[in-house]
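There are 2 protein chains.
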Amino acid sequence: YCYMPEILCISLNTHLYNVPFFTVPLARAHGKSFAHRSDLRQAKRIVVKLGSAVVTRGDECGLALGRLASIVEQVAMLQNQGREMMIVTSGAVAFGKQRLRHEILLSQSVRQALHSGQNQLKDMSLPVLEARACAAAGQSGLMALYEAMFTQYSTCTAQILVTNLDFHNDQKRRNLKSTLHELLRMNIVPIINTNDAVVPPPEPNSDLQGVNVISIKDNDSLAARLAVEMRADLLIALSDVEGLYDSPPGSDDAKLLDTFYPGDQHSITYGTKSRVGIGGMEAKVKAALWALQGGTSVVIANGTHPKVTGHVITDIVEGKKVGTFFSEVKPAGPTVEQQTEMARSAGRTLASLEPEQRSDIICALADLLTERKDQILSANKKDMEHAVSTGRLSPAMLKRLSLSSSKLNSLSIGLRQIAVSSQDSVGRVLRRTRVANNLELEQITVPIGVLLVIFESRPDCLPQVSALAIASGNALLLKGGKEAANTNRILHELAQEALSIHGVKDAIQLVSTREEEEDLCRLEKMIDLIIPRGSSQLVRDIQRAAKGIPVLGHSEGICHVYVDHEASVDKAIKIIRDSKCDYPAACNAMETLLVHRELLRTPLFDQIIDMLRTEHVKIHAGPKFASYLTFSPSEVKSLRTEYGDLECCIEVVDSMQEAVDHIHKYGSSHTDVIVTENEDTAEQFLQQLDSACVFWNASSRFADGYRFGLGAEVGISTARIHARGPVGLEGLLTTKWVLRGEGHTAADFSEQGSMTYLHENLPVARVLPGRRTTS
Amino acid sequence: YCYMPEILCISLNTHLYNVPFFTVPLARAHGKSFAHRSDLRQAKRIVVKLGSAVVTRGDECGLALGRLASIVEQVAMLQNQGREMMIVTSGAVAFGKQRLRHEILLSQSVRQALHSGQNQLKDMSLPVLEARACAAAGQSGLMALYEAMFTQYSTCTAQILVTNLDFHNDQKRRNLKSTLHELLRMNIVPIINTNDAVVPPPEPNSDLQGVNVISIKDNDSLAARLAVEMRADLLIALSDVEGLYDSPPGSDDAKLLDTFYPGDQHSITYGTKSRVGIGGMEAKVKAALWALQGGTSVVIANGTHPKVTGHVITDIVEGKKVGTFFSEVKPAGPTVEQQTEMARSAGRTLASLEPEQRSDIICALADLLTERKDQILSANKKDMEHAVSTGRLSPAMLKRLSLSSSKLNSLSIGLRQIAVSSQDSVGRVLRRTRVANNLELEQITVPIGVLLVIFESRPDCLPQVSALAIASGNALLLKGGKEAANTNRILHELAQEALSIHGVKDAIQLVSTREEEEDLCRLEKMIDLIIPRGSSQLVRDIQRAAKGIPVLGHSEGICHVYVDHEASVDKAIKIIRDSKCDYPAACNAMETLLVHRELLRTPLFDQIIDMLRTEHVKIHAGPKFASYLTFSPSEVKSLRTEYGDLECCIEVVDSMQEAVDHIHKYGSSHTDVIVTENEDTAEQFLQQLDSACVFWNASSRFADGYRFGLGAEVGISTARIHARGPVGLEGLLTTKWVLRGEGHTAADFSEQGSMTYLHENLPVARVLPGRRTTS
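Chains as they are written, first to last, in full-length UniProt numbering: chain C, 1 to 775; chain E, 1 to 775.
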């Protein structure tokens, strides 16, 4: 019962070795593989296969310790979560090679080389080491290292050496299985390797520059075989390739497949072989498909990428898009990559429509919102009921989720406003220059391309953003929250119905709620701009996840109201109340109130404090304010705090200039307000302050696209390039330069050339683009 | 001679243990520490000190294997470079704790716990382990692990255990030193630790939540002592803090010090203690200063940061800005961080000047360029002579480095053009809206903030970029190449002289050539926009290095010329020749020529080929073109190639539409040209193609700010947000929203409120900003 087979060498017979493992019939068909990556979280029994490229160093002498250690860390973590982990490992040859090389050097009496202060081991010419000897010499060290490493995580390991023959004999197979089951039951991680020392001499392999290595071709199939035999839920095969490409990686069109279905096999061309070890992609795929058929899910991924090695295994088990996932179940709809392609293509047609046609589409959508009211509200009711029954949403969130007849009506009105403004957005001529005779330049507005909008529970966001995208000629990917799934689905259908009028149905795509936001943020070169609409936490997460794709938005709104000593009492009270209390969770709500020192102990100041108390605003004192008081409210931890609630910080400043300096230092460049009756002071504040919105005698709450008169708002940006402040249609446009000539060349304008630059500005107003004004 | 002291325990005496190592007088004063980080590359003998937080896991039971492995990898790499590496390590206690806990559990007959399928070790209550016993139990395992790891890199290690007393006795100290010298001579890495087993019982330490740990307070000072004793050039002390802050980390103003000078000690407030282990920041700094005084350079850095752990040691040795560098030599000028602060502050004043004042400054600079011609040219001559004598620059680079009287004259003329355009840049009103009665909104142009321009050898770039920055009211950091150091210095002096006219001398700063570009790209929150001007390799490097700061530019220019079947022969030949041959290295040169299929085997086609042959352009064939030919030129590897030389790819397309699709697929959205006489075809091409510049019957070489009439050019952007195509002044501006009210609040506009939105567009032309038009 307590017998621990620390080293278990199953008997061997070499002549059958070259039969691939996966041709041996399955002992018994078992469960089903997972349909989606997100299901992988449920995987209990997991086989991790480590290819030689993962385990060994670049020069194939010695192990890649950093990688090995981080893999051990992840495996131990998953084991400690209650999963049953097994490892199929390479690396004995490399370990042995390193060891034997050292031995040979020493026996060649080169000890003196060690004393030169330079490591000359690398430069020495060495006899070719026989790989089987290396494997034998390295096996013990490799296992010792695994054991030492796993010991750091209180995890016990066991060594299993197998050959193909062990799977051919029923008795042996039963023995192997029962041993492995016993190990798993005892919470031990079995480490499995082929018994390389007893295989026939390897054939020389020209791919590896004549280096004599052991044919461990079948570590892939060994892992597959073991996974199925042990009814593992998941097989993770790590090597130095990213996964499966549809054509050889490196070729112009090669695309990494996120998910691969058995039926797709004819559609791919295999890529290059792994640098180290044997077993090209084709062999890996064969083994993977075999395991899949046997009911084990498979992910093939790169275990050598420095940036992800530390979490590649745990990421896969968390369902993230790493490498290629092998799935038997082909989902009904297109993948998100296909959706993006469809959106871009239809978006290009959308951009080439006449402005009136885009306007038509938006009006049609506005109509549908009221015509199909019942359908929308019944879908919304479903979402509401589900949300109430699960009790996961706060009352505020529930309110944002719910739609009503009147909400749909005002949405519809808003859309019609966007339709009007859309007439003058795409293709507008911003600049027109006569560069030379018959050489005319135009700068015109064009759509940005493909937008990804990620929004939380509010479903009314969907038609709004759709209308903005249509108006600006952009393709759009929408990712809504799970809680609004039904509402979003019907709203998206209506948007597509409206788009169909002019044959551009696919320009707006709704991404499945299954997709992880983080994965979407990695679709570089497919998406041109990401717009997160929701909490500042959402924005921060997206900003962090988005690599190489710009994100429009702001993660912080630390807005200030500065009350000057020449402020009007009424205005100050009104503006402070509105800025703080109108909607404290908004990003444009006041967080810090700056008060001119002369106002301390004046009636105005007392009135401000009374008002804040009446409104139940919790007051924190800035360090300077606290120093003026005998009994002060709690002092702030940081002057850079966004409370987002009925709380604020009060700080004292000596002058308008000090207020400006304070805001530059602690603000987030969102919206800042001065309350004063002195116009000069106000204008200086407005001029000097470097925020996206600067207000005089007006509440910070006006920082909003609708209130600014921009129509619907895409978001508020605190970035310093592209759009800044509340962003409407214009933030969704970029420009292109159109030059029309008659065979003009740069050489014509050189010193020897016949032409000179005119650079004459031409009027741009109301001229249709695309027609030359002179000839 | 060949005696290898694998384990060397120096004798011990406990009663003197608590004397800190660094109070023991130096045996002998030696060399000088390095003045600059970049000198660290010369460090031959290096001590790496690994704090407990680095070596042990978060729960302090067991080692952080991934970190340890990557540290071993770096140390072995440096050792193999010929350096002499020594390690002072913690970790024995953690290793022993893990081991003893396991033993105790087993002896408590909890074997059955192992069979539950769950790892319950963590949940078990355990007796507090005596730290000295842990240390003794862990020491052997720790050393075995180090040895196993270093073995993978053919590196031999030796163990040294010391106590304070070993430094007090001259004879012992001599023994220790001679042992260490012998080890270094034999290319062995000594691994040094305090002999914890023999120290007096530790005092309980409340900072560590009552966990009973050994007082290893003095591993910092041990490392310092050893470094000085062994005349090490560099001591790298790794723990879990980023380095030294000027005030406690986490407070609003805390700033990580890049370099710390002994004289600055009074100006800092010490931060929190390291989470694991003993020895707060103050102790580390004391030890570091002591080592510095002894002639050893010191860097304190974080060895636990997942993103950099794999290269923290090698980065430090390469002179990168990691952690805090302790230096005795305070440089004369300000640090780059101080320069950025100065620039931002002066830049704000620059932005608040009247447009005429900014224009004055630019004109003054233009004057200075001609007035001080002799001075500039003599500095340039120095650079040229140096470049010629070292022979590092190619003839093309030399040409770009050289200035002449006539170059200065045209520079001066260009600056005057910028001065004119500067009149209408900052503070321009783009939009004006009457939001409600007495509530008026303006959108006005404002500078972006602080620009960092990195440019390669061309020194004429400096006055140009300076003028653009002044015109747009931006602060500017300039980083030029080493080869133009003298020229850049004088040009920068002249720029500051011009700025002084209006008291904003500091708005433009020249960064020392010592600074690494990569480090500058990390000054997030200090720099708002980076503009690399130079090779596409430079741009790519900067884009990769810039985290969180936008980069304006493009890394690829794969421009196409499409010759339609209705093209004019003359125009086609002229445009192709100019696009490819005028300046093949430019980003706007043609890389791929697309030819309509019907042109094959026509005289036009033959003429094109003849012309390309005459111009010595090497032709590569696209796959489709190759298939049409019996004997084709070499087929392209990728249709996405930027040759940047007298080479191009020719491909055949069936239609204008196919040309557009080809360019969308393989192009870089830079500049693409159609040659045709058919206006409809041309207009469709111009409309459909989604590149920054689309040309009809004009050479791709026109894609250039000067040729477009934008005045001087900042660069060409292929990004889809902010500026696109050739970027002039406008790309250096952003906007802010100014709202002027009379106590307006958002609540006034609610259903219960008294006001309604007007959103009336007001005329913007020629109204000075800042004054209300109505009352």
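Built from N, CA and C at the ideal position, the CB exists for glycine as well.
This structure is a prediction, so every number in the text was calculated from the model and none was measured.
If you draw a straight line from the Cα of residue 588 (chain C) to the Cα of residue 523 (chain E), it is about 28 angstroms long. Straight-line spacing of the CA atoms in residue 493 (chain E) and residue 696 (chain C) works out to 40 angstroms. With a cutoff of 7 angstroms on beta-carbon distance, residue 466 (chain C) and residue 531 (chain C) are scored as not near each other. When rounded, the separation of the alpha-carbon atoms in residue 733 (chain E) and residue 289 (chain E) is 46 angstroms. Contact check for residue 147 (chain E) against residue 94 (chain E) fails: the beta carbons are separated by 7 angstroms or more. Listed in chain order, the beta strand (DSSP E) runs fully inside the region 664 to 706 of chain C are 671 to 675, 693 to 698, counting runs of at least 3 residues. Interface flag for residue 728 (chain C) against chain E is unset, since no Cβ pair is found closer than 7 angstroms. For the pair of segments examined, the region 615 to 631 of chain E was found to touch the region 646 to 655 of chain E: the number of CB pairs separated by less than 8 angstroms reaches three. DSSP places residue 147 (chain C) inside the alpha helix (DSSP H), whose first and last residues are 131 to 151.
Between residue 540 (chain C) and chain E, the shortest Cβ-Cβ separation is not below 7 angstroms. Taking 7 angstroms as the upper bound on Cβ-Cβ separation, chain E lies near residues 550 of the region 541 to 567 of chain C.
About 14 angstroms separates the beta carbon of residue 538 (chain E) from that of residue 484 (chain E), a gap too long to meet the 8 angstroms contact definition. Taking a cut-off of 8 angstroms on C-beta distances, the region 452 to 468 of chain C does not touch the region 432 to 439 of chain C, as fewer than three cross pairs fall below it. For residue 417 (chain C), the CB contacts under 7 angstroms within the same chain, skipping 5 residues up- and downstream, are 711 in chain order.
When the Cα atoms are used, residue 371 (chain C) and residue 404 (chain C) turn out to be separated by approximately 14 angstroms. Boundaries of the alpha helix (DSSP H) around residue 605 (chain E): 603 to 614.
Looking only at C:472, C:751, C:683, the smallest Cα-Cα distance to residue 731 (chain C) is reached by C:472. Counting the other Cβ atoms within 10 Å of the Cβ of residue 758 (chain C) gives fewer than 16, which makes it exposed.
In this structure residue 45 (chain E) is in contact with residue 232 (chain E), their Cβ atoms being roughly 4 angstroms apart against a cut-off of 8 angstroms. Taken through DSSP and simplified to helix, strand or coil, residue 193 (chain C) comes out as strand. Selection E:740, E:755, E:738 evaluated against residue 746 (chain E) yields E:755 as nearest (Cα-Cα). Contact annotation: in the region 244 to 266 of chain E, residues whose CB is within less than 7 angstroms of a CB in chain C are 252. The contact set of residue 306 (chain C) on chain E, defined by CB atoms closer than 7 angstroms, consists of 310 in chain order.
In the three-state scheme derived from DSSP, where H, G and I count as helix and E and B as strand, residue 544 (chain E) is classed as helix. Counting along the chain, the unbroken alpha helix (DSSP H) around residue 623 (chain C) starts and ends at 623 to 628.
Note on residue 572 (chain C): 16 or more other CB atoms within 10 angstroms of its CB, so buried under the neighbour-count rule. At a cut-off of 7 angstroms between beta-carbon atoms, residue 720 (chain C) makes contact with chain E.
In this structure the region 186 to 195 of chain E touches the region 145 to 160 of chain E; the number of beta carbon pairs closer than 8 angstroms is three or more. Using a CB distance cut-off of 7 angstroms, residue 574 (chain E) counts as an interface residue toward chain C.
Taking all protein chains in view, the Cβ of residue 447 (chain C) is crowded by 16 or more other Cβ atoms within 10 Å, so the residue is classified as buried. The C-alpha of residue 489 (chain C) lies about 14 angstroms from the C-alpha of residue 374 (chain C).
Residue pairing by DSSP places residue 618 (chain E) opposite E:647 in a beta bridge. In the pairwise beta carbon analysis, the region 164 to 179 of chain C is classified as not touching the region 60 to 80 of chain C: fewer than three pairs are separated by under 8 angstroms. Leaving aside the five residues that flank residue 600 (chain E) on each side, the residues in its chain whose CB is nearer than 7 angstroms to its CB run, in chain order, 628, 652. Under the three-state reduction of DSSP output, residue 228 (chain C) falls in the helix class.
Of the candidates E:676, E:659, E:180, E:676 places its Cα closest to the Cα of residue 568 (chain E).
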